[in-house]
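Colleague: Okay, handing you the structure first.
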Amino acid sequence: MIRSSLRAAVAVLTLILGTTLAAQVAPPSTAAPAPVPHPDCVFCRIIAGTAPSRKVYENQYVLAFWDIRPRAKVHLLVIPKQHVASLKELDDLSVETRAALLSACVKVARDQGILEDGFRLISNSGTNASQSVFHLHFHVVGGERLREDAITKDPAAR
């Protein structure tokens, strides 16, 4: 009786510990969530390949491409493949996607030769910040001396 109880206890412990250990050693999922395109979003169309762009970098989380109206010698956009409107929705992105966004900004700056001399990273969030495309994006700008004061209001807005 004791022997069968002991065997049952060992079997239960093995099952519990085996499952727990398996869960501890299982690698985390590296698959990015499948992007849900917003049909009215030009960046979602670029991600889907239905709108043109000059891509410079892409991985499972992000895409980087040249801005169609550059304001500096180098002016790239880095966007998450998952649609979120702006930085205020940053917590809706996975930690992996958030890290990939910043890493991609540094990578494209390095690839364009602007890492050492300096570059600016900009994300406009909301209408008062002049956000024009409501899909989170970072502007990576550089390649020349940039104006020191990037936040002065337009004279007409004062």
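FYI, the numbering for the sequence shown is -22 to -1, 1 to 136, going by mature numbering (1 follows the signal peptide of the UniProt record, and there is no 0). Beta carbons: idealized from backbone N, C-alpha and C, even for Gly. In this text the structure is predicted, and so the values were computed from the model without any measurement.
(1) By DSSP, does alanine 29 sit in helix, in strand, or in coil?
(2) May I ask you to list the residues that DSSP assigns as paired with phenylalanine 112?
(3) Need the endpoints of the beta strand (DSSP E) that alanine 42 sits in, please.
(4) Please list the terminal residues of the continuous alpha helix (DSSP H) segment that includes valine 62.
(5) Quick check on DSSP: helix, strand or coil for arginine 125?
(6) Starting from arginine 98, trace the beta strand (DSSP E) in both directions and tell me its first and last residue.
(7) Need the endpoints of the alpha helix (DSSP H) that aspartate 89 sits in, please.
(8) Any contact between the segment 57 to 71 and the segment 90 to 103? By contact I mean 3 or more CB pairs, one from each, below 8 Å.
(9) Once you ignore the five residues that flank valine 119 on each side, which residues in its own chain have a CB closer than 6 Å to its CB?
(10) Could you pull the DSSP bridge partners for glutamate 36 from this structure?
(11) Compare the beta carbon distance of histidine 117 and cysteine 22 with 8 Å and say whether it is the shorter of the two.
(12) Count the other C-beta atoms from every protein chain shown that fall within 10 angstroms of the C-beta of lysine 85, then say buried if there are 16 or more, exposed otherwise.
(13) Helix, strand or coil, according to DSSP, for valine 20 in the structure here?
Modeller: Looking at the atomic coordinates:
(1) Against the sequence shown, residue 29 aligns to sequence position 51. DSSP places alanine 29 in the coil class of the three-state scheme, outside both helix and strand.
(2) Locating residue 112 in the sequence shown gives position 134, where the first residue counts as 1. Secondary-structure assignment with DSSP links phenylalanine 112 through no beta bridge to anything.
(3) Mapped onto the sequence shown, residue 42 falls at position 64. It spans 40 to 44 - the beta strand (DSSP E) in which alanine 42 sits, taken as one unbroken run.
(4) By 1-based counting over the sequence shown, the position of residue 62 is 84. Per DSSP, valine 62 belongs to no alpha helix (DSSP H) and is neither H nor E.
(5) Walking along the sequence shown from the start, residue 125 turns up at place 147. Here arginine 125 sits in coil by DSSP.
(6) Locating residue 98 in the sequence shown gives position 120, where the first residue counts as 1. In the DSSP annotation of this structure, the continuous segment of the beta strand (DSSP E) that includes arginine 98 starts and ends at 97 to 100.
(7) Here residue 89 refers to the residue found at position 111 of the sequence shown. For aspartate 89, the uninterrupted alpha helix (DSSP H) segment begins and ends at 73 to 89.
(8) The segment 57 to 71 makes contact with the segment 90 to 103; the number of CB pairs closer than 8 Å reaches 3 or more.
(9) Here residue 119 refers to the residue found at position 141 when the sequence shown is read from its first residue. Cβ within range, chain order: Ala50, His53 and Arg98.
(10) By 1-based counting over the sequence shown, the position of residue 36 is 58. Bridge partners of glutamate 36: Leu41.
(11) As a working mapping, residue 117 is identified with position 139 in the sequence shown. As a working mapping, residue 22 is identified with position 44 in the sequence shown. It is not a contact, given that the beta carbons lie outside the stated cut-off.
(12) By one-based count along the sequence shown, residue 85 stands at place 107. So lysine 85 counts as buried.
(13) One-based indexing of the sequence shown puts residue 20 at position 42. Three-state result, valine 20: helix.
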